[in-house]
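S.K.: Each number in our numbering corresponds to the 1-based position in the sequence shown with 159 added.
By construction, the Cβ of each residue, glycine as well, lies at the ideal position given by its N, Cα and C atoms.
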Amino acid sequence: MSKTLAVNAGSSSMKWQMYEMPEEKVLAKGLIERIGLKDSIITVKFGDQKEERVFDIPDHTEAVHVLLDDLKRLSIVEEFTEITGVGHRVVAGGELFKKSTVVTPEVLQQVKDLSALAPLHNPANAAGIEAFLNLLPDATSVVVFDTAFHTTMPEKAFRYPLPKKYYTEHAVRKYGAHGTSHEYVAHEAAKLLGKPIEETKIITAHIGNGASITAINGGKSVDTSMGFTPLAGVMMGTRTGEMDPSVFPYLIENDSELKNAQDVVDMMNKKSGLFGVSGISSDMRDIIGAKDENPDAQLAFEMYVDRIQKYIGQYLAVLNGADALVFTAGIGENSVPVRAAILEGLTWFGIEVAPDKNDWGAVGEISKASSRVKIYVIPTDEELVIARDVESLKTK
Ligand code: ADP
Numbered sequence: 160m161s162k163t164l165a166v167n168a169g170s171s172s173m174k175w176q177m178y179e180m181p182e183e184k185v186l187a188k189g190l191i192e193r194i195g196l197k198d199s200i201i202t203v204k205f206g207d208q209k210e211e212r213v214f215d216i217p218d219h220t221e222a223v224h225v226l227l228d229d230l231k232r233l234s235i236v237e238e239f240t241e242i243t244g245v246g247h248r249v250v251a252g253g254e255l256f257k258k259s260t261v262v263t264p265e266v267l268q269q270v271k272d273l274s275a276l277a278p279l280h281n282p283a284n285a286a287g288i289e290a291f292l293n294l295l296p297d298a299t300s301v302v303v304f305d306t307a308f309h310t311t312m313p314e315k316a317f318r319y320p321l322p323k324k325y326y327t328e329h330a331v332r333k334y335g336a337h338g339t340s341h342e343y344v345a346h347e348a349a350k351l352l353g354k355p356i357e358e359t360k361i362i363t364a365h366i367g368n369g370a371s372i373t374a375i376n377g378g379k380s381v382d383t384s385m386g387f388t389p390l391a392g393v394m395m396g397t398r399t400g401e402m403d404p405s406v407f408p409y410l411i412e413n414d415s416e417l418k419n420a421q422d423v424v425d426m427m428n429k430k431s432g433l434f435g436v437s438g439i440s441s442d443m444r445d446i447i448g449a450k451d452e453n454p455d456a457q458l459a460f461e462m463y464v465d466r467i468q469k470y471i472g473q474y475l476a477v478l479n480g481a482d483a484l485v486f487t488a489g490i491g492e493n494s495v496p497v498r499a500a501i502l503e504g505l506t507w508f509g510i511e512v513a514p515d516k517n518d519w520g521a522v523g524e525i526s527k528a529s530s531r532v533k534i535y536v537i538p539t540d541e542e543l544v545i546a547r548d549v550e551s552l553k554t555k
């Protein structure tokens with residue numbers, strides 16, 4: 160029996176899913192939250208059972224120990240040798256990694272060296288990789304990069320209009336993010352369109368807590384809204400998205416709390432977006448619940464929708480038309496009012512939603528038969544992409 164673990168390690172969390180491969184059957188999944196804090200929360204779901212425990216987990220190495228012990232204790236595996244592959248999501252692969260790669264000591268060092276591009280994520284990803292290498296030395300370890308899918312962007316899209324030396328000396332360019340998600344839903348959309356992906360033009364809107372929009376031509380990313388880091392693009396739960404950089408020095412000079420560039424970037428990453436504008440929450444459900452009585456929540460909703468509409472408009476121009484527009488991730492998959500508000504402003508392009516199909520629980524097509532661009536809701540599955548990449552690279 161061949162089992163593969165897909166691991167998504169965040170700065171203080173570790174999400175995992177265990178598959179029977181190549182059948183792609185989910186055997187178990189879990190989440191370890193609050194790593195490094197008091198009262199870490201350990202959740203495991205398998206079959207129709209769910210177990211939740213609370214105790215302190217000081218670091219990612221211990222989190223991996225706990226995860227593996229749980230797999231045995233709950234009889235999800237009998238022997239660790241059954242786990243033949245482990246796939247790790249890595250946020251930043253820079254220009255180096257154009258596809259998923261088997262982990263070697265050199266690759267691990269390169270992941271660490273790319274930490275400047277994702278200071279919160281890459282060190283946590285590397286810690287997770289090292290812990291699994293030590294505990295499951297015989298399994299094939301694979302790194303799957305959030306940025307790899309976007310390495311097909313043409314230079315005119317990924318370069319910033321800065322002097323060239325900032326690109327050549329400091330690698331300042333657009334890298335994008337959520338690549339596995341955009342790639343997965345684009346392939347699913349091509350199936351729904353009934354066309355080979357090479358013959359499609361698709362715009363994918365991954366809108367969750369983090370959000371990015373991608374223009375995909377013939378299955379290849381040609382532009383995406385996130386940039387050098389995941390702060391760019393559309394407005395998000397706590398992130399600004401696109402900003403005029405002149406605001407940064409202006410705020411440092413004029414605001415007593417913001418003392419340096421890092422303070423401003425932190426504020427724009429963690430206290431802005433839906434949360435900053437509404438003053439109440441980064442969660443779209445709270446914004447929708449409050450907006451009829453709270454003008455700040457109403458404004459946050461309108462700004463959020465406005466930024467997404469503008470990116471879709473841009474990408475219709477980049478692609479010179481589209482066969483499909485796809486909604487995915489927490490908000491894209493679940494929020495009927497957000498989808499309705501975005502689509503209401505796009506009818507001129509021949510994007511016509513069927514109001515009776517844009518309903519709670521909708522999956523698949525939500526456009527009218529007459530719509531020039533098909534509109535799809537497609538649940539993303541980043542873990543499955545990871546497991547598939549591990550399977551294709553397995554050496555033993
Ligand atoms: P992450 O980027 O953290 O992976 P998710 O894709 O899980 O985020 O999306 C999380 C967001 O999805 C939440 O912050 C919430 O705003 C939103 N969400 C989930 N369900 C709904 C819903 N029914 N209506 C509106 N928003 C929702």
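Are there any heavy atoms of ligand 1 lying less than 6 Å away from the beta-carbon of Arg398, as far as the coordinates show?
M.R.: On the sequence shown, residue 398 is found 239 positions in, with the first residue counted as 1. Answer for Arg398: no, Cβ out of range of ligand 1.
S.K.: Can you name, in chain order, every residue of its own chain whose Cβ lies under 7 Å from the Cβ of Thr240, other than the five neighbours on each side?
M.R.: Indexing the sequence shown from 1 puts residue 240 at position 81. Answer for Thr240: Asp297, listed in chain order.
S.K.: Run the CB neighbour count on His329, radius 10 Å, all protein chains shown included, and call it buried at 16 or more, exposed below.
M.R.: On the sequence shown, residue 329 is found 170 positions in, with the first residue counted as 1. With fewer than 16 other Cβ atoms within 10 Å, it is exposed.
S.K.: Count the other C-beta atoms from every protein chain shown that fall within 10 angstroms of the C-beta of Tyr474, then say buried if there are 16 or more, exposed otherwise.
M.R.: Position 315 of the sequence shown, counting from 1, holds the residue named residue 474. Tyr474 should be labelled buried.
S.K.: Under 8 Å, with one C-beta from each stretch per pair, do the stretch 377 to 390 and the stretch 506 to 514 reach the 3-pair mark?
M.R.: No: fewer than three Cβ pairs fall under 8 Å.
S.K.: What whole-angstrom Cβ distance do Gly520 and Ala364 have, given they're in contact under 8 Å?
M.R.: Numbered from its first residue, the sequence shown carries residue 520 at position 361. Numbered from its first residue, the sequence shown carries residue 364 at position 205. The pair is not a contact, with the Cβ atoms about 18 Å apart (cut-off 8 Å).
S.K.: In its own chain, which residues sit with a C-beta less than 6 Å from the C-beta of Met340, not counting the 5 before and 5 after it?
M.R.: Locating residue 340 in the sequence shown gives position 181, where the first residue counts as 1. Note on identity: in this sequence residue 340 is Ser, with Met being the wrong assignment. Taken in chain order, the residues that qualify are His365, Thr539, Glu541.
S.K.: Give the range of the alpha helix (DSSP H) segment to which His341 is assigned.
M.R.: The residue labelled residue 341 in the question sits at position 182 within the sequence shown. First-last of the alpha helix (DSSP H) with His341: 338 to 352.
S.K.: Does DSSP classify Met312 as helix, strand or coil?
M.R.: Position 153 of the sequence shown, counting from 1, holds the residue named residue 312. Note: Met312 maps to coil in three-state DSSP.
S.K.: Out of Asp515, Ile534, Glu254, Val185, which one is the CA nearest neighbour of Gly523?
M.R.: As a working note, residue 523 is residue 364 in the sequence shown. Here the closest residue by C-alpha is Ile534.
S.K.: Is there at least one non-hydrogen atom of ligand 1 closer than 6 Å to the beta-carbon of Gly520?
M.R.: As a working mapping, residue 520 is identified with position 361 in the sequence shown. No, the Cβ of Gly520 stays beyond 6 Å of every heavy atom of ligand 1.
S.K.: When DSSP labels each residue in this structure, what does Arg212 get in the three-state scheme?
M.R.: As a position in the sequence shown, residue 212 is number 53, starting the count at 1. Residue state, collapsed to three classes: strand.
S.K.: From the DSSP secondary-structure annotation, give me the bridge partner or partners of Glu238.
M.R.: Start at 1 with the first residue of the sequence shown, and residue 238 comes out as number 79. In DSSP, Glu238 forms no bridge with anything.
S.K.: Just tell me which of Thr310, Leu255, Val249 has its CA closest to the CA of His280.
M.R.: By one-based count along the sequence shown, residue 280 stands at place 121. Measuring from the Cα of His280, the nearest candidate turns out to be Val249.
S.K.: Output yes or no for whether 7 Å exceeds the beta carbon distance between Gly244 and Lys553.
M.R.: Numbered from 1 along the sequence shown, position 85 holds the residue referred to as residue 244. Numbered from 1 along the sequence shown, position 394 holds the residue referred to as residue 553. Against a cut-off of 7 Å, the Cβ pair of Lys553 and Gly244 comes out as a contact.
S.K.: Taking 6 Å as the limit, tell me which residues put their C-beta closer than that to any heavy atom of ligand 1, in chain order.
M.R.: Taken from the N-terminal end onward, the list reads Gly367, Asn368, Gly369, Gly396, Asp442, Met443, Arg444, Ala488, Gly489, Ile490, Asn493, Ser494.
S.K.: Assuming Val203 and Leu233 form a contact by the criterion Cβ under 8 Å, report the distance between their Cβ atoms to the nearest whole angstrom.
M.R.: Working through the sequence shown from its first residue, we reach residue 203 at position 44. Working through the sequence shown from its first residue, we reach residue 233 at position 74. The pair is a contact, with the Cβ atoms about 6 Å apart (cut-off 8 Å).
S.K.: Can you list the alpha helix (DSSP H) stretches of 4 or more residues lying completely in the stretch 449 to 522, in chain order?
M.R.: You should have 454 to 478, 488 to 493, 495 to 503.
S.K.: Just mark Phe214 as buried or exposed, buried being the case when its beta carbon has 16 or more other beta carbons within 10 Å.
M.R.: To locate residue 214, count along the sequence shown from 1; it is residue 55. With fewer than 16 Cβ atoms within 10 Å of its Cβ, Phe214 is classed as exposed.
S.K.: Would Ser300 and Ala336 be called neighbours here (beta carbons separated by less than 7 Å)?
M.R.: One-based indexing of the sequence shown puts residue 300 at position 141. One-based indexing of the sequence shown puts residue 336 at position 177. Cβ atoms of Ser300 and Ala336: not closer than 7 Å.
S.K.: Starting from Gly179, trace the beta strand (DSSP E) in both directions and tell me its first and last residue.
M.R.: Position 20 of the sequence shown, counting from 1, holds the residue named residue 179. The amino acid occupying residue 179 in the given sequence is Glu; Gly does not appear at that position. Where Glu179 is concerned, the enclosing beta strand (DSSP E) stretches over 173 to 179.
S.K.: So, under 8 Å CB-CB, Ile200 and Glu192 are touching, yes? Tell me the CB distance rounded to an integer number of Å.
M.R.: Reading the sequence shown from its first residue, position 41 is the one you call residue 200. Reading the sequence shown from its first residue, position 33 is the one you call residue 192. Confirmed, Cβ separation roughly 5 Å.
S.K.: Would you give the residue range spanned by the beta strand (DSSP E) that Tyr325 belongs to?
M.R.: For the purposes of this step, residue 325 is taken as the residue at position 166 of the sequence shown. No beta strand (DSSP E) holds Tyr325; the alpha helix (DSSP H) holding it covers 323 to 327.
S.K.: Where does the unbroken alpha helix (DSSP H) through Leu433 begin, and where does it stop?
M.R.: Here residue 433 corresponds to residue number 274 of the sequence shown, with the count starting at 1. Note, Leu433: alpha helix (DSSP H), 432 to 437.
S.K.: Are there three or more Cβ pairs, one per stretch, closer than 8 Å when the stretch 347 to 354 is compared with the stretch 311 to 319?
M.R.: Contact fails: fewer than three Cβ-Cβ distances are below 8 Å.
S.K.: Can you give the Cα-Cα distance for Ala275 and Phe291, rounded to whole angstroms?
M.R.: Stepping through the sequence shown from its first residue, residue 275 is reached at position 116. Stepping through the sequence shown from its first residue, residue 291 is reached at position 132. In a straight line, the C-alpha of Ala275 is about 23 Å away from that of Phe291.
S.K.: Grab me the residues of Ala513's own chain with a C-beta within less than 7 Å of its C-beta, minus the 5 sequence neighbours each way, in chain order.
M.R.: Here residue 513 refers to the residue found at position 354 of the sequence shown. So the list reads Ile525, Ser526, Lys527, once near-sequence residues are dropped.
S.K.: Label Asp425 either buried or exposed according to how many other C-beta atoms from any shown protein chain fall within 10 Å of its C-beta, with 16 as the threshold for buried.
M.R.: The sequence position of residue 425 within the sequence shown is 266, counting from 1. It counts as exposed.
S.K.: Let me check one thing: in DSSP terms, what residues is Ser199 bridge-paired to?
M.R.: The count along the sequence shown starts at 1 and reaches residue 199 at position 40. Bridge partners of Ser199: Phe214.
S.K.: Take the Cβ of Lys438 as the centre, count every other Cβ of all protein chains shown within 10 Å, and call the residue buried at 16 or more, exposed below.
M.R.: Mapped onto the sequence shown, residue 438 falls at position 279. Reading off the sequence shown, one finds Gly at residue 438, where the question assumed Lys. The residue is exposed, with fewer than 16 neighbouring Cβ atoms inside 10 Å.
S.K.: Which class does Tyr319 belong to by DSSP, given the choice of helix, strand or coil?
M.R.: Within the sequence shown, the letter at position 160 stands for residue 319. Three-state result, Tyr319: coil.
S.K.: Smallest Cα separation from Ile235: which of Pro217, Asp207, Lys257?
M.R.: Translated into the one-based positions of the sequence shown, residue 235 becomes position 76. Checking every option, the nearest Cα to that of Ile235 belongs to Asp207.
S.K.: How many Å lie between Phe434 and Gly396 at the Cα?
M.R.: Counted from its first residue, the sequence shown places residue 434 at position 275. Counted from its first residue, the sequence shown places residue 396 at position 237. Cα to Cα, Phe434 sits roughly 6 Å from Gly396.
S.K.: For a quick check, are the C-beta atoms of Asn428 and Leu390 less than 7 Å apart?
M.R.: Here the question's residue 428 lines up with position 269 in the sequence shown. Here the question's residue 390 lines up with position 231 in the sequence shown. Contact flag set, yes.
S.K.: Starting from Phe407, follow the alpha helix (DSSP H) in both directions and report where the run begins and ends.
M.R.: Residue numbering aside, residue 407 sits at position 248 when the sequence shown is read from its first letter. Start and end: 406 to 413.
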